[in-house]
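A.B. asks: Could you have a look at this structure, given as structure tokens, before my questions?
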Amino acid sequence: MTSLQRPVSVTTLAAMKRRGERITCLTAYDASLARVMTEAGVEVILVGDSLGMVVQGHETTLPVTLDEMIYHSRCVARGVAQAVGRKPLLLVDLPFMSYASVEHALHSAARLMKEGGAQMVKLEGGAAQVAVVQALTAQGIPVCAHLGLTPQSVHKLGGYKVQGRETEAAEAMLRDAQALQQAGADVLILECIPSGLAARMREALEIPVIGIGAGVDCDGQVLVITDVLGLSAQPPRFALDYAQIYGAPRQAIAAFIDDVRGGRFPQAAQCFS
Ligand code: KIV
5 MTSLQRPVSV TTLAAMKRRG ERITCLTAYD ASLARVMTEA GVEVILVGDS
55 LGMVVQGHET TLPVTLDEMI YHSRCVARGV AQAVGRKPLL LVDLPFMSYA
105 SVEHALHSAA RLMKEGGAQM VKLEGGAAQV AVVQALTAQG IPVCAHLGLT
155 PQSVHKLGGY KVQGRETEAA EAMLRDAQAL QQAGADVLIL ECIPSGLAAR
205 MREALEIPVI GIGAGVDCDG QVLVITDVLG LSAQPPRFAL DYAQIYGAPR
255 QAIAAFIDDV RGGRFPQAAQ CFS
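The sequence shown begins at 5 in the numbering used here and counts up by one.
Structural data, given as structure tokens:
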């Protein structure tokens, strides 16, 4: 098996960061799009709890259950298995309140992996999640942390707003990121923060930093697939409707991957200062 065909793993992502190669990530919730993304060569597929909004039609991600995450993760895992080509890493969100204690987090993550086929789990939050991240990684479970705009805290944040604009908040986010890395997190997703702050965090951290609305100076980019395919009612400013420019899903997904790898996405119109 050549290294090109070897499935993407945490070590692949770490090596890409060291080599300065950008990581591509898209959300998927079903087998068909997961197959198309896999064949287009994406490195990471995220079964995001954004499915609560874009698949189920809720106003927030909060109603999504662990059983629903497992169901969609299984669908995506089947699509990946059917696809020809290198297998992306399957990252799955721990839904709201499924990791509020160490015991609960271990139980939820085990179900995502055993029943859903997850290869890495994602959780939102900073220093408060250190004990959970330590416990998961001690059991050999890869973890992706998520800072900045954390949609599971939308009511506490007072809406979907750019985070980390004030100096104190920016410094706190940097400290949180370092604590999560120290606790064993393998990847960090930064959502909706000023581009300059994301660039600082990428520089300060050894683990790959994947941005969404966090500027071009990240180790990779992730977008929600319905935004890429022009299916969202109110697409966020940081997204780009690739389908409008490139037409069919295969071409739109391939163009997103190509633009991220070439450092052409995001551009100023999709960034915050
Ligand atoms: O749920 C999701 O799709 C996410 C991305 C926005 C990163 O967490």
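Glycine is no exception: its CB is placed at the ideal position from the N, C-alpha and C atoms.
(1) Need the endpoints of the alpha helix (DSSP H) that residue 79 sits in, please.
(2) Can you grab the Cα-Cα spacing for the pair residue 250 / residue 189, in whole Å?
(3) Would you mind working out which of 107, 151, 137 sits nearest residue 128, comparing C-alpha positions?
(4) For residue 14, which option in 276, 273, 244, 147 has the closest C-alpha, if you only look at C-alpha atoms?
(5) CB-CB under 6 Å to residue 47, same chain, minus the five flanking residues each way: which ones, in chain order?
(6) Report the residue from 85, 138, 21 whose alpha carbon sits nearest the alpha carbon of residue 206.
(7) Quick one: grab the DSSP three-state call for residue 13.
(8) If you follow the beta strand (DSSP E) that residue 216 is part of, which residue opens it and which one closes it?
(9) Closer than 7 Å between the C-beta and any heavy atom of the ligand KIV: which residues qualify, listed along the chain?
(10) Which ranges does the beta strand (DSSP E) cover as unbroken runs of at least 3 residues, wholly within the segment 217-261, from first to last along the chain?
(11) Would you grab the beta carbon distance between residue 187 and residue 138 for me? Rounded to a whole angstrom, and I think it's under 8 Å.
(12) Since residue 214 and residue 193 are thought to touch, with beta carbons under 8 Å apart, how far apart are those beta carbons, to the nearest angstrom?
(13) Under DSSP, the beta strand (DSSP E) around residue 152 begins and ends at which residues?
(14) When the Cα of residue 278 is compared with those of 247, 260, 234, which residue comes out closest?
(15) Look up residue 195 in the DSSP assignment and give the residues it is bridged to.
(16) Taking just the CA atoms, how far does residue 220 sit from residue 267?
(17) Looking at the structure shown, is residue 6 part of a helix, part of a strand, or coil, going by DSSP?
(18) If you check the beta carbons only, do residue 72 and residue 56 fall under 9 Å apart?
(19) So does the segment 161-172 actually touch the segment 121-135, counting three or more Cβ pairs closer than 8 Å?
(20) In the DSSP assignment, what are the bridge partners of residue 20?
(21) Alpha carbon to alpha carbon, how far is residue 277 from residue 164?
(22) Rounded to whole angstroms, what is the Cα-Cα separation between residue 144 and residue 114?
(23) Determine the DSSP secondary structure at residue 177, reduced to helix, strand or coil.
(24) Can you say whether residue 7 is buried or exposed, counting buried as having 16 or more other CB atoms within 10 angstroms of its CB?
(25) Can you tell me which of 154, 149, 41 puts its alpha carbon nearest to the alpha carbon of residue 185?
(26) For residue 39 versus residue 86, is the C-beta spacing smaller than 9 Å?
C.D. replies: Well, looking at it:
(1) 70-86
(2) 36 Å
(3) 151
(4) 147
(5) 12, 27, 28, 92
(6) 21
(7) coil
(8) 213-216
(9) 31, 50, 52, 53, 54, 65, 97, 126, 150, 155, 193, 195, 216, 226, 228
(10) 224-227
(11) 5 Å
(12) 5 Å
(13) 147-152
(14) This structure does not reach residue 278, given that the chain is present from 5 up to 277, and the question cannot be answered.
(15) 152, 216
(16) 7 Å
(17) Confidence at residue 6 is low in this model, with a pLDDT of 47, below 50, so the placement of that residue is unreliable and no value is reported for it.
(18) yes
(19) no
(20) DSSP lists no partner for residue 20.
(21) 16 Å
(22) 11 Å
(23) helix
(24) Its pLDDT being 47, under 50, residue 7 is placed unreliably in this model, and the coordinates cannot settle the point.
(25) 149
(26) yes
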